[in-house]
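Protein chains in written order, with my numbering: chain A, 84 to 396; chain B, -13 to 550; chain C, 13 to 363.
Glycine included, each C-beta is placed from N, C-alpha and C at the ideal position.
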Amino acid sequence: MLAYILRRLWQMVPTLLGVMLLVFIVFNWVGGDPSYILAGKRLSPETLANIRTHLGLDKSMPEQFLLFVQQVLHFDFGPSWSTQQPVGGILAARVGPSLMLTGSLLVVELLTALPIAILVAYYRGKLVDRAVTIACTVAMSISSLVYIIVGQYVLAYKAGWFPVQGWDDDSILGAWLFYIPLPLLLGLAVSLAPSVRFYRSFVVEELNQDYVRTARAKGLSERVMLFKHVLRNALIPVVTAVTSSLPFLVLGSMLLERFFGIPGMGNELLLAVDKSDFPVIKAITITIAISTMVFNLLADVLYKWIDPRVELK
Amino acid sequence: MSEREILLSIRQLRVAFRQEDGGRFEALKGIDLDIPAHRTVALVGESGSGKSVTSMAIMRLLPQYGCEIDPASQVLFAGRDLLKATPAEMRALRGRDITMIFQEPMSSLNPVYTVGDQIAETLMLHEALSRSAAWQRAIELLQEVGLPDPEKRARAYPHQLSGGQQQRVMIAIAIACKPKLLIADEPTTALDVTIQKQILELLAGLQKKHGMSVLFITHDLGVVGEFADEVIVMRHGEIREQGSAQQVFEAPQDAYTRALIACRPSVAHRPERLAVIEDFLRPEPYVQPPERARGYAQDDAVALEVQGLCVNFDIREGLFRKRKFEAVKNVSFKLAKGRTLGIVGESGSGKTTVGLALMRLREVAAGKALFHGQDILAMNEREFMDYKRRIQIVFQNPYASLNPRFTVGSILTEPMQLHGIGANRAEREQLARELLDRVGLPARSMEKYAHEFSGGQRQRIAIARCLSLKPEILICDESVSALDVSVQAQVLNLLQDLQDEFGLSYLFISHDLAVVRHISDQVMVMNKGEVVEQADADSIYRAPASDYTRRLLASIPQGWSAAA
Amino acid sequence: MSANISMQQNSPAAAPPRSLWSLGWQRLKRDRVGYVSLWIVGVFALVAALVWTGLLAGNWNAEISEPNTSPLWVAHEKVAVTSGENELDGSTGPIIRLAAAEDPINQEMEAARKNAARYKTREIEKTDSLILGSDQRGRSVMQKVLQGTATSMLVGIFGALLSVLLGTLLGAFAGYFGRRTDDFLMWFYSVFTSVPDMLLLLAFAAVSGRGFTTLVLVLSFTSWTATFRLVRAEFMKQRSREYVQAADAIGASHLRRMFVHILPNISHLLLVQFSLLLVGLIKYEVILSFLGFGVGVKQVSWGSILGEVPNELLQGYWWQLLAVVLFMSTLVTAVSLLTDALRDALDPKVK
């Protein structure tokens, strides 16, 4: 097990290097010379030259890349271009609210979508199943923006049941009880339909396997067959899919954060993109990439742990 | 006939499947059959005969949608009609009184539970045993079906067992509650001959010991001869003949049954041509053709000489590590011109890899293959191109070996175009039509697609594709194994005709010892990548030199006549 | 058992030859939901084509009506509107508007307004009977949403095409050749999948500005990975299938085996992948344009219309929202149902 994890960690090195190369190419090559953005309206040759020296833009491309790799290794991306605060500090403050929102969303979504999916798969081919499947398709066809815009307008602005937006920096519990519920509800509304369809497909796929026929030939009831034999197999892809979707926890539900003024990573990213604040975007990208790789590894380890067919090599 | 106690009888069973184009396919056209108590009944038929549908109808496991059972149909078991039983009544019956085993043991077992759990589950359900008592009984059952070290095996997951062991576990589940009827649906088709023999013996032994009835469903008449008490022959959803095994094998009344018995190649004799079904449907009686002499002389001209052929596979483990697996170890042979060399072996013997390596479809680690004095394995792609044309291959699966997006016409003209045979398109198409005629297909097949043909017809197209290049050597890699017996006989006859006409040399690779004996002049036996024995076809079957060959020959189903 | 059923009458008698595509087409026609969806998608495509050629909704930018006229069929709604405007005072909308100096489109807006002012003088009379009402500048919502339909579809279609092309090409080489080629391309793939789609989109958007071409390029650069994975797996599977080995045996070259033999056999999967991507990219386009990183300021798309909605809602003008939701969900539902139908109809196994 340990050898496997170590080998997988070792395999992450080239990927991480690739991500750094990608980020570097996007921001230093596709993006052109960022010193114009920094200089703003005070566009004199001296300030431009100063900024270039400061950012290391006067060095050759390989040297600049090495500089960037050093930044990543020390996790020091310098100050934000718009606020001049260190990027590391900004991100550290943004992770909490994001995790609070998306963490609770993940739990609530699993607790609702999974039972619905199993129920629908149990009645596969019958009216309930067809109705739910069609309803999911229609629900998925409406842009997530519409759910959020209308939900915020109707439930918060018109009905006044929830605060329109805001955040409580001082009390976690206060923020959770007061500001999280509406975004959570709307997040659920957006993600329920795709999740139900996704989980249903896993269960239905298992129902077509030969061992289901064996279970019936043994005289097991449909219920035992579904909950004992099929579910255990269908949970394997569910668990791995959920685990590898975890990095989105860190990124948060960007749109929800923006609409409801939640100071999370997603909101920070949108602000940074608005203001061309490259250090922040780079730092977020690298952070998310690393966490994606780690969670993918976790998903694989979990997969090997719950599926007896896969043996650790 | 003595007094028979009837356990299960089927009356006027009619099953139809709705097809998506709105049509109906009649899978069973009103069949009647009886299964006596304490007897083994074999249900024999080729694909599409409806034999599996019959077994699923007894178990009431036919799909819920798109399947219609005629209301007048009856499946009477111990005095009641199973087709009218409630789902709860059926569940109480399944797994206790009527049990079933299937063709693919691996996928039929649930991969995430131990085999002990899966046996104990049945016992806890039907016998109301406690968990520990059921587990104890599961171990006894594993012992009974002949699994070594049952205490340890009970805790194993299905994938940790071999195919034969998995089928033993399925049998343990099936006999756990001492059923009155065990239905075995092609239980040995996916297994090697030696394993097949063991499973058949186990089933026969258990049947006697527990006095249950067995409904044994198979496509292979040879398998049932040894232990079936009664035989039912089905074709196209109808019963052609039923009776005691002795009667069906010794004095078959139905022409189709007679054909089925005659068209299977046997180890005992080798007719010039195999019988086909049409031979028996004619009014005049079928006359057994004379025997064909086989064999080769030391001074025969050599078409292909292989020396010290080795093929390794790299099994990748992780990013950098590799493990070497020796698939073929130091294989040498000479293929005589205009003759057939049969290569036999069980799965994993490396026989198929030899064929693919000679086509340069697998990378070769060492060895030479001399063809017209040149080592074709040492050539580069450009040099080999000229030789490639002269060695062709016919694969096992007729459904996978033809490109489904090509018309038959383009399948046949593409090789000619690539090798510059025929001056223009019209000429190549003319050649293709002649080839189709030669393999017995109408010229209008040119515009059709592969999926519009049956398995045997597709294999004829594949043979025609090879012939389009006018090859000298034809490698037949399990080319008739996937075909029904009656179709297999036709294709074997075709191959024989082509050899006689064009002087082709065949490398005939198969797991089926009877087929190899029928078609081969020389035979080479392989096991675990090595050559066990090679000799003249007749002598190897008469006096095998190695233990392995003897074991292999002993596993061949002997059929009725040998057992009588 | 399914083998038994499919082994029906196989005699190639007098029946006309049928390719897999024509069989799939027959099956699709029998699938009522799929067939209706196909027609809906067809109508949308026709509308989009008419809009691109300027035959339809070419005049969308003209201010042909009073601002914020309600749709024809709710004429009396006007009263409610004014009360809505009163309510607005003092309340803060959820979207923070940019200051005029910071607003990148301010100049263009000014120019547009001046332009519009010129036209106004020539306008004879303003209609107040528009089927879907008008927006804050008095433009027909119907024409605007048709224009938006065309833009969103064009972005989706070109983005999905480019993405499928990229994914197929890379996937074909990785899956067919394996070994080093595969190692390298898999590395490339793992780099792109380490960064979530939306993040990658925004990173590209941050450096590349906005506009139609940029949007299409950015969308396809971030979305090729799913096609890559599919095609790679298919090529690995098909490469060892017997018809490909047979092609090798008759002397077909690597490229011929890859693109003449294997590619047609996964073409149905590519079609399904294309329609999946079409839906996905349309949704991404809507979000990006809403956030202001999408199409150019002079173009209108569903996303940019939705961008006006939050403020309008506060004033009680709901018809632009309705129009976009109506058009978008009809198209996306139709494409999704069509995708499901195609998947079933084109699967060569279900014969």
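Original post:
Taking Cβ-Cβ distances shorter than 7 Å, what residues in chain A pair up with residue 210(C)?
Top reply: 337
Original post:
Out of 54(B), 269(B), 27(B) and 488(B), which has the shortest C-alpha to C-alpha gap to residue 219(B)?
Top reply: The option with the nearest alpha carbon to residue 219(B) is 27(B).
**OP:** Can you say whether residue 118(B) is buried or exposed, counting buried as having 16 or more other CB atoms within 10 angstroms of its CB?
**Re:** exposed
**OP:** Can you grab the Cα-Cα spacing for the pair residue 409(B) / residue 416(B), in whole Å?
**Re:** 11 Å
**OP:** Identify the contact partners of residue 88(B) in chain A, using a Cβ-Cβ distance below 9 Å as the criterion.
**Re:** 293, 296, 297 and 300
Subject >> Contact list for residue 345(C) against chain A, beta-carbon separation under 7 Å >> reply: 220, 221 and 224
Subject >> Sub-7 Å separation of residue 63(C) and residue 158(C) beta-carbons >> reply: yes
Original post:
Within 10 angstroms of its Cβ, does residue 145(A) collect 16 or more other Cβ (buried), or is it exposed?
Top reply: Residue 145(A) sits exposed, since fewer than 16 C-beta atoms from the chains shown fall within 10 Å of its C-beta.
Original post:
Which residues of chain A have a Cβ atom closer than 8 Å to the Cβ of residue 94(B), listed in chain order?
Top reply: 293, 294, 296 and 297
Subject >> Alpha-carbon spacing of residue 310(B) relative to residue 339(B), whole angstroms >> reply: 15 Å
**OP:** Note down the Cα distance separating residue 247(C) from residue 300(B), rounded to an integer number of angstroms.
**Re:** 20 Å
Subject >> the segment 259 to 272 of chain C: positions lying closer than 7 Å to chain B by Cβ >> reply: 260, 261, 262, 263 and 264
Subject >> Candidates 352(A), 212(A) and 338(A), of which the one nearest residue 284(A) by Cα >> reply: With distances taken between Cα atoms, residue 284(A) lies closest to 212(A).
Original post:
Which residue's Cα is closest to the Cα of residue 27(A): 291(A), 164(A), 207(A) and 103(A)?
Top reply: It is not possible to answer for residue 27(A), since the shown part of chain A is limited to 84 through 396.
**OP:** Measure how close the beta-carbons of residue 365(A) and residue 148(A) come, nearest whole angstrom, since I'm counting them as under 8 Å.
**Re:** The beta-carbon distance between residue 365(A) and residue 148(A), rounded to whole angstroms, is 13 Å. This is too long to meet the 8 Å contact definition.
Original post:
Near residue 291(C), what residues of its chain come up, given a Cβ to Cβ distance below 7 Å and the 5 sequence neighbours on each side ignored?
Top reply: 344, 347 and 348
Subject >> Beta carbon of residue 54(A) nearer than 7 Å to that of residue 309(A) >> reply: Because chain A is modelled from 84 through 396, residue 54(A) falls outside the range shown and cannot be assessed.
**OP:** Might you give, ordered along the chain, the residues of its own chain that have their beta carbon closer than 6 Å to the beta carbon of residue 320(B), omitting 5 neighbours on each side?
**Re:** 288 and 291
Original post:
For residue 278(A), which residues of its own chain have a beta-carbon under 7 Å away from its beta-carbon, when the five flanking residues on both sides are left out?
Top reply: 192 and 196
Original post:
Are the beta-carbon atoms of residue 195(B) and residue 293(B) separated by less than 7 Å?
Top reply: no
**OP:** State the Cα-Cα distance for the pair residue 160(C) and residue 314(C), rounded to the nearest angstrom.
**Re:** 5 Å
Original post:
If we call anything under 7 Å between Cβ atoms a contact, is residue 269(B) one with residue 504(B)?
Top reply: no
**OP:** Determine, using beta carbons only, whether residue 145(B) comes closer than 7 Å to chain A.
**Re:** yes
Original post:
DSSP three-state call for residue 76(B): helix, strand or coil?
Top reply: helix
Subject >> residue 386(B) at chain C interface by Cβ criterion, 7 Å >> reply: yes
**OP:** Helix, strand or coil for residue 435(B), going by three-state DSSP, please let me know.
**Re:** strand
Original post:
Which residues in the same chain as residue 170(A) place their Cβ atom closer than 6 Å to its Cβ, once the five residues preceding and following it in sequence are excluded?
Top reply: 160, 163, 362, 363 and 366
Subject >> residue 223(B) versus 156(B), 333(B), 18(B) and 350(B), residue with shortest Cα-Cα distance >> reply: Of the candidates 156(B), 333(B), 18(B) and 350(B), the one whose C-alpha sits nearest the C-alpha of residue 223(B) is 18(B).
**OP:** Can you pull the chain A residues whose beta carbon is under 7 Å from the beta carbon of residue 45(B), in chain order?
**Re:** One finds 300 in chain A with Cβ atoms closer than 7 Å to the Cβ of residue 45(B), taken in chain order.
Original post:
From the DSSP output, which residues share a beta bridge with residue 28(B)?
Top reply: DSSP, once it has assigned bridges, lists 202(B) and 217(B) as partnering residue 28(B).
**OP:** Take residue 106(C) and list the residues in its own chain whose beta-carbon comes closer than 8 Å to its own, dropping the five residues that flank it on each side.
**Re:** Confidence in residue 106(C) is poor, its pLDDT being 48 and thus under 50, which makes the residue's placement too unreliable to answer from.
Original post:
Is it right to say residue 154(B) is buried, meaning 16 or more other beta carbons lie within 10 angstroms of its own, or is it exposed?
Top reply: Buried, because 16 or more other Cβ atoms sit within 10 Å of the Cβ of residue 154(B).
**OP:** Kindly list, in the order they appear in chain C, the residues whose Cβ is closer than 7 Å to that of residue 359(A).
**Re:** Ordered by position in chain C, the residues that pass the 7 Å Cβ test against residue 359(A) are 218.
**OP:** Could you tell me whether the Cβ of residue 304(A) comes closer than 7 Å to any Cβ of chain B?
**Re:** yes
**OP:** Apply the 10 Å Cβ neighbour rule to residue 241(A) and answer buried if 16 or more other Cβ atoms are within range, or exposed otherwise.
**Re:** exposed
Subject >> Whether residue 488(B) touches residue 328(B) by CB criterion (7 Å) >> reply: no
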